[in-house]
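Below is one structure, written out as structure tokens; the observations come after it.
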Amino acid sequence: MAGGRPVSTETKTTCPYCGVGCGVIARIDDNGTVSVKGDPDHPANFGRLCSKGSALAETIDLDGRVLYPQIDGRRADWDEALDLVASRFSETIAEHGPDSVAFYVSGQLLTEDYYVANKLMKGFIGSANIDTNSRLCMSSSVAGHRRAFGADTVPGTYEDIELADLVILTGSNLAWCHPVIYQRLAAAKAARPSMKVVVIDPRRTMTADIADLHLAIRPDGDVALFMGLLAHLAGSTVIDQNYIGTHTNGFAEAFAAASALSIAELMELTGLPSMQLRQFFRLFEETEKVVTCYSQGVNQSASGTDKVNAILNCHLATARIGRPGMGPFSLTGQPNAMGGREVGGLANMLAAHMAIENPEDCDRVQRFWQSPDIARKSGLKAVDMFRAVADGTIKALWIMATNPVVSMPDADAVAAAIAACPFVVVSDILTDTDTAKFAHVLLPSLGWSEKDGTVTNSERRISRQRGYLPAPGDAKADWWQLAEVGRRMGFEGAFSFGSATEVFVEHAALSAFENDGSRDFDIGAYRRIDETTYETLEPFQWPQPEGAQVQTTRFFADGGFFHPDRKARFIAVSAPVSDRTSAEFPLTLNTGRIRDQWHTMTRTGKSARLSAHIAEPFAEIHPRDAMELGIASAGLVEIESPYGKAVVRALVTERQARGSLFVPMHWNDQFAAKARIDAVVAPVTDPFSGQPASKNVAVTARRLKVASYGFAVSAAKPQGLDTAYWALAKADGGWRLELAFDAAPESWTQWCRTHFGIPDHIEPLGYADAQTGDLRLAFFDGDRLLAAFFLARQPVAVARNWAIEQLTVRHAELAKRFAVVAGRPGAGRMDPGATVCSCFSVGVNQIVAAVRGGCHSVEAVGKELNAGTNCGSCRAEIRGIIDGCLAAAAE
Ligand SMILES: Nc1nc2c(c(=O)[nH]1)N[C@H]1C(S)=C(S)[C@@H](COP(=O)(O)OP(=O)(O)OC[C@H]3O[C@@H](n4cnc5c(=O)[nH]c(N)nc54)[C@H](O)[C@@H]3O)O[C@H]1N2
Ligand SMILES: Nc1nc2c(c(=O)[nH]1)N[C@H]1C(S)=C(S)[C@@H](COP(=O)(O)OP(=O)(O)OC[C@H]3O[C@@H](n4cnc5c(=O)[nH]c(N)nc54)[C@H](O)[C@@H]3O)O[C@H]1N2
Ligand code: SF4
Ligand SMILES: [Mo]
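Residue numbers are given in our numbering: position 290 of the sequence shown equals residue 280, and the series is strictly consecutive.
Here it is, written out as structure tokens:
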């Protein structure tokens, strides 16, 4: 039973990863096996999925799950745990006031969870100290929208991206981070090749593969670029004086600010040659149907809000907004970043898109909630919230569905703050996360596949997530945990929700409460729905006011903004000084995502298939920078800022601009020795949004000298690792492990026994070369490989996928066992190489062979190897490999 229903064999639900919000059909076979496929009827994806969505079934096992409440590490029952949480929060409030407690929540909560969290903190505890990881994600967009539009409104729809003649992607690695929108864009462009795509990103990402123009902008050059564009447009005929005059304010000031920049200054600030600038400006000028999509290269910046407004200015000035194929488009990161904004989950929002700084809104919400108290001023934003935890102002903290010890800037300081906090509650699905280990009370939450509720995607579409598996152990929904604590804190009536439906209905009612069209967010049509309607709810876009026709899904084509005068505001922005480097910290660290991992890897890290794409933390570095620093490809690099250090593998590539490094945000202390890159990221924030500048951090980098490098595969999970470097990844049949050592242990055999759990009676097959320092050990239990260990003075050259395969094949003959020690495939066997296509586990060497064999297009490679024919997320990489092979052949 899930949510009181019988388990059915096919359930329509929504992917729990990115903000595209793809519909998923989960199927349970007779033997209990779960499989997922794209929902052909869901309007976000029409059946498509990306590699992460396709691998969902591999991430729902119960390994590592929190199954019952824990107090100081011991098992407790719900009553005891909830009583303790309620009493500690109540006592702290009684003694130190409401602002001495805080919630830090997440865009991965369902709307119902989020609604209850916000109601409890803002309406009943009476503090606005609830903030969310959306602060690190969308808050600059929220602030930019609110400045320009008077509300946090995303005007357009996904269809606009397909209808546009020009799609600008700035600060977005769409191919890897919103893969299904990328697939929709790529399909539209293939069908209509006149469509143009511009990618603006300091790095040449996989997304640039589809671009007609790639602008390798200087870090944080975006404000200047869009100021330059506005000045250019103002001098052209496409400026819409009528729209500007009727529906907006502030154009003259914004234009004056923008036109103050000379072309020389523009070139300097953006790092772009004048020809490229002009080409971009002209493309925008000449194309009416233009959509500008932006994501973290825009939001995560000290000038993030200004970047957003600089973009919005250009769309407002040309009235290219809210019409088919036109508009600015903030791509949301998390599955429910939008839902969180709708319930007011940020410390500076109220609920249902009402403003905390507006006393009338506060009164209205208080009346609706019939609450004793309501927060009337903003609470602490994430970075300040953890500072207040550090300095003892906040004494009780509830962290839900987020892993701040990994994802917050200055992460070591955040870890220290949480460790020192007198009372920490963590609601998670896993026991061992970098944050959960600090919990006084660890509460087991229902995860995807078990929980029920709604999420809102980037295009304002509300979809159901539905549970189809039973609750594991004592796990309970996040909203239930919050409501129980609310009741136990004395707010019985306000938190008597019996189901997710009841929460949703109240949320819908609040959105409609005294809403005469003055607020954009209105889903009043759903304020009276019953359990059955909620159960079968089809995806729908807001707004949906009660009694209105199902209406157009775009905003602002004819004005109707949400400032009191119903006009939009141009914002006069100025170009920031963006270079943060110094003699001591001469490099710019840029951080972000890779295709097949999700955030702190608590879920995607469980899939061997996803882990095969990129199996260890890395820093992209330009070949010339690498040379100057003496960093060799595949060597190790130590990155340092005044805040902390990290050690990752060097990935030398010309895709990276000179003077900067790119490191993924995903790795953490569960998967690597020292790769939490946020330990290095400075806690610098945007002055309007409070969003951290995670993409422009001054650092220094050096080669990490080690005595030897290692690689291992192990059937059992390696334990107790403490070497100079290690990075662990799930593999079919076990684990793979990259290693480096400062010194040799007394016995390598003993070292392997300890860390790979090898019984004493099993002696290794071995090979050692004193001259080269090469050492190989393989431990077999009968014909099964338990572990193989390869050591060298240089980064180990063993074929990784081949070595991993040895964990699952049988080694009956001695020759086969010796092949493992030899560290290479036998004659006639090809090493597939690093995985490119995770759906069909096709490696780079196989693709190269196919290209050499005459497959010169992605389609031909697909026919030969299946690669790229399922989710398509790897098609850009396959094209890159083909281009590389053909270029090499032509030389
Ligand atoms: N595979 C995968 N997909 C995800 C996620 C994931 O963890 N893994 N997470 C989801 C979430 S929550 C989010 S927020 C989104 C994020 O999605 P994206 O924003 O697309 O991803 P990022 O890699 O964080 O950053 C995007 C790009 O911004 C570029 N950039 C850095 N500095 C600048 C700059 O100054 N100007 C410009 N124009 N570009 C710059 C970076 O080089 C990077 O390529 O992804 C979502 N999708
Ligand atoms: N340097 C750098 N830092 C960044 C970024 C960057 O680009 N660079 N990006 C930032 C952005 S945009 C984001 S969105 C954040 C993301 O960062 P986080 O939110 O910290 O990352 P997640 O791994 O998604 O954390 C989700 C946690 O919730 C748990 N969980 C999963 N499902 C449930 C559930 O149903 N209920 C509960 N209670 N728990 C659950 C997971 O096990 C995990 O511990 O990182 C930010 N940090
Ligand atoms: S694009 Fe991929 S990760 Fe995003 S919602 Fe769709 S399937 Fe999930
Ligand atoms: Mo995000």
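Here a beta-carbon is modelled for each residue, glycine too, at the ideal position from N, C-alpha and C.
{"Check": "Ligand 4 heavy atom lying under 7 Å from the CB of Cys127", "Outcome": "yes"}
{"Check": "Among Glu482, Gln471 and Gln455, nearest to Leu527 - alpha-carbon criterion", "Outcome": "Gln455"}
{"Check": "Pairwise C-alpha distance: Pro533 and Arg570", "Outcome": "42 Å"}
{"Check": "6 Å Cβ shell around Leu126 - same chain, five flanking residues per side excluded", "Outcome": "Pro682"}
{"Check": "Within 8 Å, strictly: CB atoms of Tyr458 and Thr1", "Outcome": "yes"}
{"Check": "Span separating the alpha-carbon of Ala878 from that of Gly870", "Outcome": "12 Å"}
{"Check": "CB-CB length for Thr883 against Asp676, believed under 8 Å", "Outcome": "Since the displayed the chain opens at -9 and closes at 881, residue 883 lies outside it and no answer follows."}
{"Check": "Gly323 CB to nearest heavy atom of ligand 4 below 7 Å", "Outcome": "yes"}
{"Check": "Proximity test, Lys42 beta-carbon vs ligand 3 heavy atom, cut-off 7 Å", "Outcome": "yes"}
{"Check": "Proximity below 8 Å, CB of Ala244 to CB of Ala562", "Outcome": "yes"}
{"Check": "Supposed contact pair Ala669 and Ala640 - C-beta distance, whole angstroms, cut 8 Å", "Outcome": "Going by Cβ atoms, the distance from Ala640 to Ala669 rounds to 19 Å, so no, they are not a contact pair."}
{"Check": "Exposed unless 16 or more other CB atoms sit within 10 angstroms - verdict on Ser572", "Outcome": "exposed"}
{"Check": "Check: Gly437 C-beta below 7 Å from any heavy atom of ligand 2", "Outcome": "yes"}
{"Check": "heavy atom of ligand 1 below 7 Å from Gly161 C-beta", "Outcome": "yes"}
{"Check": "Pick from Ser684, Met316, Thr421 and Val826 that is closest to Ile604, judged by C-alpha positions", "Outcome": "Val826"}
{"Check": "Val404 and Phe376 closer than 8 Å at C-beta", "Outcome": "yes"}
{"Check": "Gly(-6) versus Glu521: straight-line alpha-carbon distance, rounded", "Outcome": "Note on Gly(-6): pLDDT 48, under 50, position unreliable in the model; no value is reported."}
{"Check": "As assigned by DSSP and simplified to three states, the class of Ala705", "Outcome": "coil"}
{"Check": "Beta strand (DSSP E) runs wholly inside the region 749 to 775, at least 3 long, in chain order", "Outcome": "755 to 759 and 764 to 771"}
{"Check": "Beta-carbon spacing of Ile190, Ile158 below 8 Å", "Outcome": "yes"}
{"Check": "Local Cβ density within 10 Å of Arg800, reported as buried at 16 or more and exposed below that", "Outcome": "exposed"}
{"Check": "Contact test: Ser397 Cβ vs ligand 2 heavy atom, cutoff 7 Å", "Outcome": "yes"}
{"Check": "For Glu728, the residue or residues it bridges with in DSSP", "Outcome": "Phe701 and Ala717"}
{"Check": "Classification of Ile253 by the beta-carbon crowding that lies within 10 angstroms, buried from 16 upward", "Outcome": "exposed"}
{"Check": "Close beta carbons around Arg136, own chain, < 7 Å, minus the five adjacent residues each side", "Outcome": "Asp142"}
{"Check": "Secondary structure, alpha helix (DSSP H): runs of 4+ residues fully inside the region 25 to 55", "Outcome": "41 to 44"}
{"Check": "Per-residue burial, Ala866 [other beta carbons within 10 Å of its own, 16 or more giving buried]", "Outcome": "buried"}
{"Check": "Contact check, Gly463 vs Pro434, beta carbons under 8 Å", "Outcome": "yes"}
{"Check": "Beta-carbon spacing of Gly211, Leu259 below 8 Å", "Outcome": "yes"}
{"Check": "Gln269: first and last residue of the uninterrupted alpha helix (DSSP H) it sits in", "Outcome": "Ser264 to Glu276"}
{"Check": "Proximity of Ile61 and Phe93 at Cβ, strictly below 8 Å", "Outcome": "no"}
{"Check": "Met375: CB within 7 Å of a non-hydrogen atom of ligand 5", "Outcome": "For ligand 5, the structure offers nothing, since it holds only ligand 1, ligand 2, ligand 3 and ligand 4."}
{"Check": "DSSP bridge partner residues for Ile120 (one or two, in chain order)", "Outcome": "Phe93"}
{"Check": "Three-way DSSP call (helix, strand, coil) for Ile115 in this model", "Outcome": "helix"}
{"Check": "Residues near Ala47 by beta carbon distance below 7 Å, same chain, minus five either side", "Outcome": "Val24, Ser25 and Val26"}
{"Check": "Straight-line Cα distance separating Asn580 from Val925", "Outcome": "Lying before the first or after the last residue shown, residue 925 is absent from the chain, which here runs from -9 to 881."}
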